[in-house]
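**Q**
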Amino acid sequence: MPEISRHAIVESSAELADDVYVGPFAYIGPKVRLGAGCVIDVGATVTGQTTLGAKCHVFPMAVIGVAEDSQQEGRCALGQANRIREHVTLCGGVERPTILGDDNLVMIGCRVGPEAVVGSHCILSNYTQIDGGATIEDYVGTSAFTFVASGMMVGAYTYVVGFTGIDDHTPPYAMVQGFPFRVRGVNSEKLRRCGFGEEDIRALKDAFRQLFHETGAAVDTKTLKRLSAKANLNSHVRRLIEAVQHHGERRREP
Amino acid sequence: MSPLEVVREIAPLARVAAEAKIGPYCVVGPQVTVGPGTVLTRRVTIVGRTTLGSGNVIEEGCVLGAVPQDLKYSGESTLLMIGHRNRFGPRVTVHIGTEAGGYLTRIGNDNVLRDGCHVAHDCYVEDRATLGRNVLLAGHVLVQTGAVLEDMAGAHHFTTIGRFAHVGPRTPIRRDVPPFTDYFSQDNERIPPAVRGIHRAGIKAAGLSAAEETELLRALRELFDDESALQTKIEQLENMGVEGEAAALCEFVRRSLGGVYGRYRELFRGQLPPEALQYLPPELLTAFRRSKS
């Protein structure tokens with residue numbers, strides 16, 4: 013039997029796994045499904061057509077699955093072992109669900125907009141604001157007060173420095189900072205932690221040095237062409253090149 | 041409304057003083073102590089091994105004593121200590137300490153934390169500090185007496201904000217902020233964060249004697265008019281024989297220079313910070329020493 017506080021409100025049609033805990037003053041909506049070992053803490057709200065995978069922990073006062081348009085029903089899909097900290101808002105998507113992968117840490121005061129997609133193993137630091145329809149790939153880290161504009165993509169393994177505004181797609185493996193943001197280098201510390209070899213990191217650093225303008229504002233098109241034509245390129249560098257080509261060359265005043 | 045009608049959940053083991061006021065929809069956990077005259081207005085959640093002194097006012101939606109966001113934290117039993125007469129605005133969050141950081145997060149007396157502030161694990165906020173809206177303190181930060189952080193300032197882990205320093209709005213604090221200085225960045229860091237003046241209101245608030253004030257002002261001008269060759273300038277000042285706050289300023293800057301990236305407290309990574317020796321209960325102090333040996 014799930015352990016439900018006498019002060020919690022759990023709608024009768026909600027599907028709760030056996031060892032779910034629901035704290036006082038929490039609300040679980042009628043179309044919610046909570047996986048095994050989920051903890052919904054004091055005063056948290058989970059509503060809309062929302063599923064939480066196993067072992068998700070929703071901390072006090074977080075709100076999950078409320079659509080921005082109050083007439084509509086929000087949809088959210090969370091994978092396993094996500095930690096949703098205090099005062100976080102995960103908006104429910106209307107056309108598509110808002111998606112979080114597995115093992116994310118969403119820190120205090122973050123907001124993930126409707127229909128945004130967050131990959132797995134991300135750490136979104138305090139007050140990260142992700143607008144609707146943005147995409148955050150796997151292993152992304154953000155620092156405090158990061159803002160990701162609607163529809164933008166933050167590439168895998170990228171680290172976003174505090175107070176940065178992401179107003180365009182970022183390449184993967186990068187360290188980005190400022191508003192408008194600049195590519196400052198390779199997120200080598202994270203890559204090492206994720207088990208990348210020194211060979212790969214060196215190749216990526218080399219590629220970044222050639223590819224980005226001195227200020228990190230724009231991509232050097234000639235280098236991009238030259239590198240993409242190259243055979244036997246390092247697989248990570250290939251991924252970087254493809255992502256940059258896919259995003260289009262960012263044309264900004266350096 | 042009589043207190044009997046109030047819907048709230050206070051664990052039977054919690055030690056709540058008779059004179060404390062606990063409003064509707066509050067949750068107080070079993071290991072919590074709430075002192076006399078402390079007011080939890082509404083929807084306040086207090087969990088963990090948290091001690092609140094007397095005369096605090098905690099507003100709506102605050103969550104105190106939740107587990108740290110640190111990935112190294114693995115369920116150890118750590119403390120949050122809050123002193124007397126603090127004011128917490130709505131949605132303030134304060135976390136308990138971690139084992140590696142010295143078991144303790146501490147907030148002193150007479151502080152003001154405005155809405156949405158976050159004080160992370162192992163932080164020490166001394167007395168009479170003001171944290172503006174949505175100010176974020178990362179782990180292991182020390183905010184000294186009388187410091188003012190304006191709205192949306194964010195402190196990097198292991199930084200120290202010096203006595204009566206002033207940090208401007210939206211300023212990232214990546215290194216120690218010296219006491220009595222005005223530290224800010226502007227225009228999305230196109231003007232990068234740095235010491236940009238003297239915080240005169242702070243000097244006034246500190247209530248220094250006229251002689252001490254003159255000496256401090258001279259030392260501040262000497263050091264920060266042009267922030268180069270700080271080490272030599274400190275030596276010069278100390279050879280001239282500075283005292284009181286000016287000497288403390290020199291010591292502060294010297295420590296920061298000796299730290300990692302201008303952060304003195306980085307030197308205490310994985311060790312007990314000096315403040316823990318002062319405030320930590322003796323049984324935890326011995327436990328920490330045993331775990332390290």
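Residue numbers (the numbering used here), protein chains in the order written: chain D, 13 to 266; chain P, 41 to 333.
Quick reminder that beta carbons are idealized off the backbone N, C-alpha and C, glycines included.
These numbers come from a predicted model, not from an experiment.
1. Using a Cβ cut-off of 8 Å, which residues of the region 102 to 122 of chain D contact any Cβ in chain P, in chain order?
2. Can you list, in chain order, the residues of the region 218 to 246 of chain D whose Cβ is nearer than 8 Å to any Cβ on chain P?
3. Taking only three categories from DSSP, how would you classify D:R264?
4. Work out the CA separation of D:G60 and P:V68 for me, nearest whole Å.
5. Helix or strand or just coil, what does DSSP make of P:R303?
6. Taking all protein chains shown into account, decide if D:M13 is buried (16 or more other Cβ within 10 angstroms of its Cβ) or exposed.
7. Report whether the distance from the Cβ of P:E315 to the nearest heavy atom of the ligand FMN is below 6 Å.
8. For P:T218 and D:D31, I'd like the C-alpha separation in whole angstroms.
9. With DSSP as the reference, label P:S225 as helix, strand or coil.
10. At a CB distance below 9 Å, what residues from the region 138 to 159 of chain P approach chain D? Give them in sequence order.
11. Along the chain, where does the beta strand (DSSP E) that runs through D:C88 open and close?
12. Does D:C103 come out as helix, strand or coil in the three-state DSSP assignment?
13. So does the region 69 to 78 of chain D actually touch the region 91 to 98 of chain D, counting three or more Cβ pairs closer than 8 Å?
14. Any idea if P:T326 is buried or exposed, counting beta-carbon neighbours within 10 angstroms, 16 or more meaning buried?
15. Going by the beta-carbon positions, is the gap between D:V198 and D:K217 smaller than 7 Å?
16. What residue from P:S114, P:L176 and P:F220 has the CA that sits closest to P:I213's CA?
17. Compare the C-beta of D:P14 against all C-beta atoms of chain P and say whether one is closer than 7 Å.
18. What separation, rounded to the nearest whole angstrom, lies between the Cα atoms of D:E201 and D:A156?
19. Looking at the structure shown, is P:M41 part of a helix, part of a strand, or coil, going by DSSP?
20. Compare the beta carbon distance of D:I40 and D:V51 with 7 Å and say whether it is the shorter of the two.
21. Looking only at its own chain, which residues have a Cβ that is under 8 Å from the Cβ of P:E278, when we skip the five neighbours before and after it?
22. Can you tell me whether P:T73 is buried or exposed? The criterion is at least 16 other CB atoms within 10 Å of its CB, across all chains shown.
23. Is D:E201 close to chain P, meaning its C-beta is less than 7 Å from at least one C-beta of that chain?
24. Which residues of the region 44 to 74 of chain P have a Cβ closer than 9 Å to any Cβ of chain D? Give them in chain order.
25. Secondary structure at D:K67, three-state DSSP: helix, strand or coil?
26. Starting from D:V249, trace the alpha helix (DSSP H) both ways and give me its first and last residue.
27. Given that a residue counts as buried once 16 or more other Cβ atoms are within 10 Å of its Cβ, and exposed if not, what is P:T254?
28. Can you have a look at D:D111 and say buried or exposed, based on whether 16 or more other CB atoms are within 10 angstroms of its CB?
29. So what does D:T235 bridge to, in DSSP terms?
30. Can you give the Cα-Cα distance for P:P130 and P:A54, rounded to whole angstroms?
31. Could you pull the start and end residues of the beta strand (DSSP E) that P:L144 belongs to?
32. Can you pull out the residues from the region 47 to 60 of chain D whose beta carbon lies closer than 9 Å to at least one beta carbon of chain P?
33. Using a Cβ-Cβ cutoff of 7 Å, what residues of the region 147 to 172 of chain D are near chain P? List them in chain order.
34. Hey, would you say P:T145 sits closer than 7 Å to P:R168, going by beta carbons?
35. Could you tell me whether any Cβ in chain P is nearer than 7 Å to the Cβ of D:M187?
36. So, are the CB atoms of P:V70 and P:R82 less than 7 Å apart?
**A** Let's see:
1. L117, M119, I120 and G121
2. none
3. Since pLDDT at D:R264 reaches only 44, below the 50 mark, its modelled position is unreliable, and no value is offered.
4. 29 Å
5. strand
6. exposed
7. The ligand FMN is not part of this structure, which contains no ligands at all.
8. For the record, residue 218 of chain P in the displayed sequence is Pro; it is not Thr. Rounded to whole angstroms, P:P218 to D:D31 spans 51 Å at the Cα level.
9. strand
10. G156 and H158
11. R87 to L90
12. strand
13. yes
14. exposed
15. yes
16. P:L176
17. no
18. 18 Å
19. Per-residue confidence for P:M41 stands at a pLDDT of 48, beneath the threshold of 50, marking its modelled position as unreliable; no derived number is given.
20. no
21. A287 and C290
22. buried
23. no
24. V47, R48, E49, Y65 and V67
25. coil
26. S247 to H259
27. exposed
28. Asp is not the amino acid found at residue 111 of chain D; the sequence shown has Ile there. The residue is buried, with at least 16 neighbouring Cβ atoms inside 10 Å.
29. Looking at the DSSP assignment, D:T235 forms no beta bridge with any residue, so it has no partner.
30. 23 Å
31. L144 to I147
32. D53, V54 and G55
33. A156 and F157
34. no
35. no
36. Per the sequence shown, the amino acid found at residue 70 of chain P is Pro instead of Val. Not closer than 7 Å, so no.
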